[in-house]
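Trainee: For reference, the structure I am asking about is given below.
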Amino acid sequence: MAPSKRTSDYVKSDLDHVIHPVGIIGDESDVVFTGGRGIMLQDTEGREYIDGTAGAANVNVGHGRTEIAEAAMAQMKELAFYVIFRNMSHTAVVDCAEKLDELTPEGLSRFFFCSGGSEAVETALKFTRFYWRNQGTNKFKVIGLYEGYHGTTFGAISAGAMGKGRNSKGFEPLVPGFLHIPRYYCYRCGFGLSYPECQTHCARYLEEVIKSEGPDSVAAFIAEPAQGGGGMIPPPPEYWPIVREICTRYNVLLIADEVITGFGRTGKLFALEHWGVKPDIMTMAKGITSGYLPLGAVAVTDEIHQGLKTPGSPLPHLLTYSGHPACCAAGVKNMEILVEEGMTENAARVGEYLQNQARGLGELPLVGDVSGIGLMCGIELVADKATRKPLDQPAKVLQKVLVRCREKGLLLRTFGDRIGISPPLPITTGEVDRLIDILGPVLAGLEAE
Ligand code: PLP
């Protein structure tokens with residue numbers, strides 16, 4: 017659709033009225049988007065950009081899929097809304113749950129719907145505590161990872177622990193009963209160890225913490241199968257099987273937060289499939305609709321579902337927009353496209369190519385670590401490659417990278433001192449080459465300064 021105002025009018029009006037998530041209050045917007053097709057976006061000035069981030073790593077099937085818009089519109093015309101509280105239902109939510117049952121790992125067959133990732137995490141945490149209380153136990157503690165990102169509602173920021181309290185500062189006190197352990201980032205091991213001699217100590221350490229806290233008090237371990245907001249970092253291959261075994265042995269629920277990794281992003285439909293591990297609870301959002309409408313979901317096993325029942329009492333958790341019909345219809349069409357067009361397989365194949373090409377940038381003196389899985393890739397910039405000394409002013413340097421890439425038609429994200437690449441899943445190897453051909457010279461140019 018052609019913009020109805022001039023760019024400067026949009027920018028002024030935006031400044032006057034829009035509060036931007038993680039925006040610097042009082043700063044002008046520098047790009048105003050109007051449209052998108054495939055992996056490309058356009059702005060009000062008619063400029064074209066490669067969407068190297070798939071929005072917020074959520075536009076999995078790519079931009080401009082009118083079939084999804086049509087499915088949502090058809091649903092709105094038929095039944096725009098009704099609540100599914102208590103035992104009421106509608107066809108859209110049933111269709112969406114059936115589709116999820118088809119795609120999610122075996123054993124996860126019950127779904128609670130919400131409007132996004134933070135709500136999915138919040139729901140998973142509440143289910144966890146309610147489940148254990150219902151079993152007559154006092155298990156309430158939840159263990160998460162440092163640099164884990166699970167969203168920004170209170171439970172979600174309590175479960176996560178982004179760098180130096182970045183997302184929780186000023187909002188304290190957080191929810192009690194949350195603990196954190198070092199994550200699986202081998203380049204900067206929280207235990208000062210080296211892989212593989214460490215024998216994946218970061219995973220085994222979970223057992224030490226469960227024992228020291230008392231297994232009777234620990235309800236769940238929550239983590240992303242590969243970290244997204246923490247910088248696009250995959251775990252070593254042994255990590256998840258070890259964690260699964262510890263959780264099972266100590267009767268601790270395993271919550272996999274697949275909000276960013278789900279729906280093909282890593283080259284499998286859900287990332288834990290890479291390591292043959294099944295969670296007890298799984299959170300989903302983002303790629304469930306590829307961002308065409310807001311939707312999130314929590315999947316639980318039959319056992320957890322049974323354990324949430326209290327004879328004669330309703331489940332005390334509700335959201336008006338649980339199972340919103342148009343969002344569910346968009347979700348179903350999106351999942352059909354994802355599967356029918358083999359996008360997960362493409363993410364595996366082109367993802368491997370992306371990781372190889374990005375590793376090539378590791379030759380540059382400013383690049384410390386390059387890691388990732390499928391179509392999520394993170395590049396850490398350092399002040400000194402030999403000693404791994406971090407940048408003195410990461411925000412300033414990475415902002416330069418973002419701006420210069422954008423001037424050359426490439427959109428990327430940053431996470432602390434890491435650059436994040438997470439394009440839509442239908443990207444081709446040729447388009448990966450274009451992306452690297454922009455990013456490489458920008459990084460090389462920084463070194464020359
Ligand atoms: N969990 C993970 C792993 C995420 O990456 C995110 C968002 O980036 C969330 C939860 C929160 O999702 P939302 O922003 O939809 O609330």
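Just so you know, we're using the working numbering here: the sequence shown kicks off at 17 and counts up by one. Note that CB positions come from ideal geometry on N, CA and C, so glycine has one too. Quantities reported herein were computed from a predicted structural model and do not represent experimental measurements.
1. Opposite T299 in the DSSP bridges: which residues?
2. Going by C-alpha to C-alpha distance, which of T305, S24, M300 and Q322 sits closest to A313?
3. Hey, would you say the C-beta of S134 is under 7 angstroms away from at least one heavy atom of the ligand PLP?
4. My guess is that N150 and T326 are in contact by the Cβ rule of under 8 angstroms, so how many angstroms apart are they, rounded?
5. Terminal residues of the continuous beta strand (DSSP E) containing F128?
6. At which residue ranges does the segment 60-100 contain complete beta strand (DSSP E) runs of 3 or more residues, listed in the order of the chain?
7. For L311, which residues of its own chain have a beta-carbon under 6 angstroms away from its beta-carbon, when the five flanking residues on both sides are left out?
8. Would you be able to state if there are at least three C-beta pairs under 8 angstroms between the segment 322-341 and the segment 159-167?
9. Can you tell me whether H5 is helix, strand or coil according to DSSP?
10. With hydrogens ignored, establish whether the beta-carbon of A272 is closer than 7 angstroms to any heavy atom of the ligand PLP.
11. Is there contact here, the segment 119-138 with the segment 367-376, by at least three beta-carbon pairs under 8 angstroms?
12. As a quick exercise: from G245, C263 and V75, pick the residue whose alpha carbon is nearest that of Y221.
13. May I have the straight-line CA-CA distance separating E16 from P37, to the nearest angstrom?
14. The ligand PLP and Y165: does any heavy atom of the ligand fall closer than 7 angstroms to the residue's C-beta?
15. L397 lies in the alpha helix (DSSP H); which residues open and close that run?
16. Answer with buried or exposed for A88, where buried requires no fewer than 16 other C-beta atoms within 10 angstroms of its C-beta.
17. One question on the structure: do D433 and L407 come within less than 8 angstroms of each other, judged by their Cβ atoms?
18. State the CB to CB distance for the pair P440 and I55, rounded to an integer number of angstroms; the pair is presumed to be in contact (CB under 8 angstroms).
19. By DSSP, does A235 sit in helix, in strand, or in coil?
20. Using only the heavy atoms of the ligand PLP, determine whether one of them is closer than 7 angstroms to the beta carbon of E138.
21. Among residues of its own chain, excluding the 5 on either side of V27, which ones have a beta-carbon nearer than 7 angstroms to its beta-carbon?
22. Return the CA-CA distance between P251 and L414, expressed in angstroms with no decimal places.
23. Leaving aside the five residues before and after V75 along the sequence, list all residues of the same chain whose C-beta is less than 6 angstroms from its C-beta, in chain order.
24. Mind checking whether E64 and T23 have CB atoms under 8 angstroms apart?
25. Output the distance between the C-alpha atoms of V293 and I443, rounded to the nearest integer angstrom.
26. Determine the direct distance from the alpha carbon of E223 to that of I84, and round the result to whole angstroms.
27. Which residue's Cα is closest to the Cα of F128: P121, E118, V109 and L119?
28. Is the closest heavy atom of the ligand PLP to the C-beta of V75 under 7 angstroms?
29. DSSP on I249, reduced to helix/strand/coil?
30. Can you give, in chain order, each stretch of the alpha helix (DSSP H) that sits fully within the segment 328-383 and has at least 4 residues?
31. Out of M298, G193 and G245, point me to the one whose CA is closest to P121's CA.
32. Who are the near neighbours of L335 in its chain, counting only those whose CB is closer than 6 angstroms to its CB and skipping five residues on each side?
Mentor: If we stick to the structure as given:
1. Residue 299 sits at position 283 when you count from the first residue of the sequence shown. Residue pairing by DSSP places T299 opposite D273 and V314 in a beta bridge.
2. The residue given as residue 313 occupies position 297 in the sequence shown. Out of T305, S24, M300 and Q322, M300 has the C-alpha closest to the C-alpha of A313.
3. Locating residue 134 in the sequence shown gives position 118, where the first residue counts as 1. Yes.
4. Position 134 of the sequence shown, counting from 1, holds the residue named residue 150. Position 310 of the sequence shown, counting from 1, holds the residue named residue 326. Indeed they touch by this definition, with Cβ atoms about 6 angstroms apart.
5. Residue mapping note: residue 128 aligns to position 112 of the sequence shown, counting from 1. L124 to C130 is the extent of the beta strand (DSSP E) around F128.
6. Whole beta strand (DSSP E) segments, 3+ residues: 64-67.
7. Here residue 311 corresponds to residue number 295 of the sequence shown, with the count starting at 1. Same-chain partners within the cutoff: I304, T305, C343 and G347.
8. Per the Cβ contact rule, the segment 159-167 is not in contact with the segment 322-341 (fewer than 3 Cβ pairs under 8 angstroms).
9. Residue 5 lies beyond the residue range present for the chain, which begins at 17 and ends at 465; the question has no answer from this structure.
10. On the sequence shown, position 256 is the one that residue 272 refers to. Answer for A272: no, Cβ out of range of the ligand PLP.
11. Under the 8 angstroms Cβ criterion, the segment 119-138 does not count as touching the segment 367-376, having fewer than three qualifying pairs.
12. Within the sequence shown, the letter at position 205 stands for residue 221. Measuring from the Cα of Y221, the nearest candidate turns out to be C263.
13. Beyond the ends of the chain as shown, which are 17 and 465, falls residue 16; an answer cannot be given.
14. Counted from its first residue, the sequence shown places residue 165 at position 149. Yes.
15. One-based indexing of the sequence shown puts residue 397 at position 381. First-last for L397: M392 to D400, but that is the beta strand (DSSP E), not the alpha helix (DSSP H).
16. Walking along the sequence shown from the start, residue 88 turns up at place 72. Looking at its Cβ environment, which holds 16 or more other Cβ atoms inside 10 Å, A88 is buried.
17. By one-based count along the sequence shown, residue 433 stands at place 417. By one-based count along the sequence shown, residue 407 stands at place 391. Cβ distance < 8 angstroms, so D433 and L407 count as in contact.
18. As a working mapping, residue 440 is identified with position 424 in the sequence shown. As a working mapping, residue 55 is identified with position 39 in the sequence shown. P440 to I55, Cβ: 5 angstroms. Contact.
19. For this step, residue 235 is matched to residue 219 along the sequence shown. Note: A235 maps to strand in three-state DSSP.
20. On the sequence shown, position 122 is the one that residue 138 refers to. No.
21. One-based indexing of the sequence shown puts residue 27 at position 11. So the list reads E44, S45 and V48, once near-sequence residues are dropped.
22. Walking along the sequence shown from the start, residue 251 turns up at place 235. Walking along the sequence shown from the start, residue 414 turns up at place 398. The alpha-carbon separation between P251 and L414 amounts to approximately 24 angstroms.
23. Mapped onto the sequence shown, residue 75 falls at position 59. Result list for V75: S306, G307 and P440, in chain order.
24. For the purposes of this step, residue 64 is identified with residue 48 of the sequence shown, where counting begins at 1. For the purposes of this step, residue 23 is identified with residue 7 of the sequence shown, where counting begins at 1. A distance of 8 angstroms or more separates the beta carbons of E64 and T23.
25. Stepping through the sequence shown from its first residue, residue 293 is reached at position 277. Stepping through the sequence shown from its first residue, residue 443 is reached at position 427. Rounded to whole angstroms, V293 to I443 spans 28 angstroms at the Cα level.
26. Looking up residue 84 in the sequence shown gives position 68. Looking up residue 223 in the sequence shown gives position 207. Looking at the two C-alpha atoms, the distance is approximately 45 angstroms.
27. On the sequence shown, residue 128 is found 112 positions in, with the first residue counted as 1. Out of P121, E118, V109 and L119, V109 has the C-alpha closest to the C-alpha of F128.
28. The sequence position of residue 75 within the sequence shown is 59, counting from 1. False, no ligand heavy atom lies under 7 angstroms from that Cβ.
29. On the sequence shown, residue 249 is found 233 positions in, with the first residue counted as 1. In this structure, I249 counts as strand in the three-state DSSP scheme.
30. For the segment 328-383, whole alpha helix (DSSP H) runs of length 4 or above, ordered along the chain, are 341-356 and 359-376.
31. Translated into the one-based positions of the sequence shown, residue 121 becomes position 105. Out of M298, G193 and G245, M298 has the C-alpha closest to the C-alpha of P121.
32. Within the sequence shown, numbered from 1, the residue matching residue 335 stands at position 319. Closer than 6 angstroms at the Cβ level, and outside the excluded window around L335, lie C130.
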